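Here the sequence shown is numbered in the working numbering, starting from 387 and rising by one per residue. Where is the CB? At the ideal position from N, CA and C, for every residue including glycine. Nothing here was measured: the structure is a model prediction, and the numbers come from that model. Heads up: the structure comes next, in structure tokens.
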Amino acid sequence: MIFTKDLRSDSDQRRRYALYEIAYTMADFLAAALFVIGSVMFFSDAWQTVGTWMFLFGSILFACKPTIRLVRELHLAAMGDTKDIAERLKD
């Protein structure tokens, strides 16, 4: 996580960045939990259909992660934080 002097001085930008990071981590955690639950459900024939749905929902959450990052970057760009975005693009 790279913060420029401008980003540290603006509490609104820091708060928004933190909220996007929380959303990203929640999507990651929930996707992993759904995959674990779906895996356990596959041990029983009666639960395989539900387990398949868990895998699907977990996959959707994994797909949400880059979307969250993109929305965050666009939001920060709209707030004028283009220097930070350019720094992250180098990595």
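Query - Euclidean distance between Cα positions of PHE448 and ASP396 - result: 30 angstroms
Exercise for review: Determine the direct distance from the alpha carbon of ILE454 to that of ASP414, and round the result to whole angstroms.
Suggested key: 11 angstroms
Near GLU421, which residues of its chain fall below 8 angstroms by C-beta distance, leaving aside the five closest residues on each side in sequence? The question names Glu, but residue 421 in the sequence shown is Phe. Around PHE421: MET440, PHE441 and GLY444.
**Request:** Would you decide whether LEU462 is buried or exposed? Buried here means 16 or more other CB atoms lie within 10 Å of its CB.
**Result:** It counts as buried.
Margin query: So for SER430, helix, strand or coil by DSSP?
Written below: coil
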